[in-house]
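There are 2 protein chains.
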Amino acid sequence: MNDGKIIPMTDDIKIPPRRPLTLKDVSEASGVSEMTVSRVLRNRGDVSDATREKVLAAAKSLGYVPNKIAGALASSRVNLVAVIIPSLSNMVFPEVMTGISEVLDDTPLQPVVGVTNYLPEKEEEVLFEMLSWRPSGVIIAGLEHSDASRAMLHASGIPVVEIMDVDGEPIDAMVGISHRRAGREMARAICKAGYENIGFLGTKMPLDHRARKRFEGFTEALAKEGVEVMDQEFYSGGSALKKGREMTQTILERSPDLDFLYYSNDMIGAGGLLYCLDAGIDVPGRIGLAGFNGVELLDGLPRKLATMDAGRREIGREAARIIAGRSDGSITETGQRVELTPKLQPGETLRRW
Amino acid sequence: MNDGKIIPMTDDIKIPPRRPLTLKDVSEASGVSEMTVSRVLRNRGDVSDATREKVLAAAKSLGYVPNKIAGALASSRVNLVAVIIPSLSNMVFPEVMTGISEVLDDTPLQPVVGVTNYLPEKEEEVLFEMLSWRPSGVIIAGLEHSDASRAMLHASGIPVVEIMDVDGEPIDAMVGISHRRAGREMARAICKAGYENIGFLGTKMPLDHRARKRFEGFTEALAKEGVEVMDQEFYSGGSALKKGREMTQTILERSPDLDFLYYSNDMIGAGGLLYCLDAGIDVPGRIGLAGFNGVELLDGLPRKLATMDAGRREIGREAARIIAGRSDGSITETGQRVELTPKLQPGETLRRW
DNA sequence: TCCCGCGCTGTTAGCCCTAACATACCGGTC
DNA sequence: GACCGGTATGTTAGGGCTAACAGCGCGGGA
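Here it is in structure tokens:
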């Protein structure tokens, strides 16, 4: 873990320096050349134990922290991986991050997060900013990007992994699930369970392409069974749980015949579930419910919501593995395509025969 | 094949660059010096409109992305702000991040997130790594750090804002609430509502100092009223909602006389609430419940949980303002101390007389 | 006419490190 | 003693950019 990094101790710290410390200071303090100090601090090349210890002691007592900016410029190696995601505030991306960190923790690489709020212009900005630091890799959510963004990624020559979604053409590598397929499978499960009057509840987000694709797959599979989505309801902003509750009430009042509600995420699904239970509606007898994501957070609801696990953690891991492999040279191919299989979790809100 | 250096002189020749683009390429393509290109791209100094446009066109057609590593080294200015937090997977830090981004979006600064998982050694590592990039500021959660971490922060000469907590001595500036006080106020509210047999449910995390301080304040204020915490229950890992449910069942079976349960966070509180409602327990008549954090996410529960809003977004904003101000020179003082006031939200799980 | 100041552009000298090569030293071999 | 290989250390030359200053042409005031 602590391979050659100097973490200063308090006891012999000098006065806060006005001029930032450099290798030269450590070199002078330990009586060897800057190069030798550099070698010691990076654990590279042959250095005698005596010298090594002398240098480490000096660095520690000065509280020297190497300047990676200079190091990166000199070696044209940067141990950062840009991770660009739309949001941190739903539960899905933090879990992807966990997967990424798990893998990168065993490498010299470090993730750096940028958030786009689902805005293409913001994505462009964040991407430009990140690329200007010449990271070792880019992990970016989704396959839909502005032309400028695609061009930048392309021109950068940096390994790129697009994650979450595989319904489309990647710039380089991609890791994810087919949201269209996830929608189709859920539709089939619903039909098989005998529901016929189906409502859809989602976010008012034209730019959430994955939600859109799920919906497309969903309606397509329903159509094959001769079923149509009977009513829809959309929301934006606010507490998802509360919105789910409210939307469910609204849609059921408007279309009392509905016997199934498909939610674009688990959180509003949970709100819907709570509403139905409060209102004394028989779930899944009278009405069935399903969400999407499989967020563990929601275990503990009065009834387990039917959902589809997108394998977010595994997506993060796999993407990180590709970047790490390309960075250390153990992978030379480009254009990997990894499709994971979303797992239907029927829970207790989907009727079983 | 094409081994000669090819520098496109017109806008329409684009070849995938084998050698990364530099200022020089843009300079040659536009027929001005590198310095002038640099000035144009940074909007600094006087450049004639004709030249500016020529340069911008060249840069765009080449797809040039400036190298901030070199720029930062030359100017010793880095527009990054290190944000070091324990976790992304509960709802609290993403909200702090939102506040930080809101403010930094109007500045040239960019947040970079590091996650410590509540581990001091990991914090040390992450901090070291971040400081080696010489950021313009550090925003770090908590006031408790290893000696080495404190020393590094001190020696760096970089503005530091410690957030969330104000019960302690900051290295430089701090922004947060008093968790001791939050605990005390909740205790007083509970006593005032007439509850007497109080249980505490929390995380098994000796390193979550803020939870600890809340608990200390809580017991202290109870003691003043002659009341003691009657039973306690702790958990670690897993879905907080589910754990809250299980813990509540456990503690109530063990200590059926309890008439109030104080949870160390809203999520387990919500689990407890769901359990009580399922079990047909009268809330808040027979048993009162309260959590901590005021997460909006949970609006929509069958009953609104009593909680205390920690003003996380505002904490983020205020911290970012301090860093931004110091970075642009509009603030020269150090050692700011900003104490925000947590707001008790009595909800519907606290009896009222 | 000279000189000054202004607006624009160019030149030079680093920023702090690291890659690559050069050198010094040592013991051992023939 | 000349030569070797190996280890340990030093020297040199940038990496791509920017700060600071220098230079140039031009118009206007003295």
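Chains as they are written, first to last, in the working numbering: chain A, 527 to 879; chain B, 527 to 879.
Every residue gets a Cβ at the ideal spot worked out from N, C-alpha and C, and that includes glycine.
Treat the numbers as computed from the prediction; the structure is a model and nothing was measured.
- For Gln775 (chain A), no chain B residue has a Cβ inside 9 Å of its Cβ, as the nearest lies near 11 Å away.
- Three or more pairs of CB atoms, one per stretch, sit closer than 8 Å, so the region 762-778 of chain B contacts the region 826-836 of chain A.
- Taken in chain order, the complete beta strand (DSSP E) segments of 3 residues or longer contained in the region 775-820 of chain B are 786-789 and 814-816.
- Only exposed fits Glu751 (chain A), as fewer than 16 other CB atoms lie within 10 angstroms of its CB.
- Listed in chain order, the positions of the region 824-846 of chain B with a beta carbon within less than 8 Å of a beta carbon of chain A are Leu824, Asp825, Gly826, Leu827 and Pro828.
- Under the three-state reduction of DSSP, Gly851 (chain A) is assigned to helix.
- Contact fails between the region 693-700 of chain A and the region 713-731 of chain A, because fewer than three Cβ pairs, one in each stretch, are under 8 Å apart.
- Contact between Ser853 (chain A) and Leu635 (chain A) is confirmed by a C-beta separation of about 6 Å, below the 8 Å threshold.
- In this structure, DSSP gives Leu831 (chain B) a state outside helix and strand, which the three-state scheme calls coil.
- Taking 8 Å as the upper bound on Cβ-Cβ separation, chain A lies near residues Gly589, Val591, Pro592, Asn593, Lys594, Ile595 and Ala596 of the region 571-596 of chain B.
- If you draw a 10 Å sphere on the C-beta of Arg863 (chain B), you find fewer than 16 other C-beta atoms in it, and that means exposed.
- For Leu606 (chain B), the uninterrupted beta strand (DSSP E) run begins and ends at Leu606 to Ile611, by DSSP.
- Nearest in C-alpha terms to Lys586 (chain B), of all of B:Val566, B:Thr776, B:Ser574 and B:Gly820, is B:Val566.
- Contact check for Ala846 (chain B) against Pro868 (chain B) fails: the beta carbons are separated by 8 Å or more.
- Look at the region 638-674 of chain B and you find these whole runs of beta strand (DSSP E), each 3 residues long or longer: 663-667.
- In this chain, Met617 (chain B) is not harboured by any alpha helix (DSSP H), its DSSP state being neither H nor E.
- Spatial neighbours of Cys717 (chain A) in its own chain (CB-CB distance under 6 Å, excluding positions within 5 residues in sequence) are listed in chain order as Glu751.
- Only those residues of the region 794-811 of chain A whose C-beta falls short of 7 Å from the nearest C-beta of chain B are listed: Gly797, Leu800 and Asp804.
- The beta carbon of Leu733 (chain A) sits closer than 6 Å to those of Tyr644, all from its chain and outside the five residues before and after it, given in chain order.
- A:Ile848 is the residue among A:Ile848, A:Arg706 and A:Val641 whose C-alpha sits nearest the C-alpha of Glu859 (chain A).
- At a cut-off of 8 Å between beta carbons, Ser601 (chain A) makes no contact with chain B.
- Within the region 851-871 of chain B, not one residue has a Cβ closer than 9 Å to any Cβ of chain A.
- Buried is the label assigned to Lys580 (chain A), since at least 16 other Cβ atoms lie within 10 Å of its Cβ.
- Going by DSSP, Val566 (chain A) is part of the alpha helix (DSSP H) stretching over Glu560 to Arg568.
- In this structure, A:Val609 is the residue among A:Ile684, A:Ala600, A:Asp631 and A:Val609 with its C-alpha nearest to the C-alpha of Val622 (chain A).
- Chain A has a Cβ within less than 8 Å of the Cβ of Leu614 (chain B).
- Taking 9 Å as the cut-off between beta carbons, the residues of the region 750-778 of chain B near chain A are Gly764, Ser765, Ala766, Leu767, Lys768, Lys769, Gly770, Arg771 and Glu772, in sequence order.
- Under the rule that a run must span 3 or more residues, the beta strand (DSSP E) segments found entirely inside the region 670-758 of chain A read 686-691, 699-703 and 724-729.
- Among the CB atoms of chain A, none fall inside 8 Å of the CB of Thr729 (chain B).
- Taking 8 Å as the cut-off, the Cβ atoms of Gly806 (chain A) and Asp785 (chain A) do not count as close.
- For Arg578 (chain B), the enclosing alpha helix (DSSP H) starts and ends at Asp575 to Leu588.
- Scanning its chain for C-beta atoms nearer than 6 Å, with the 5 sequence neighbours on each side dropped, one finds around Val639 (chain B) the residues Val609, in chain order.
- In this structure Ser553 (chain B) is buried. Its beta-carbon is surrounded by 16 or more other beta-carbon atoms within 10 angstroms.
- Nearest CB-CB separation between Ser662 (chain B) and chain A: not below the 8 Å threshold.
- The Cβ-Cβ distance between Gly709 (chain A) and Phe744 (chain A) falls below 8 Å.
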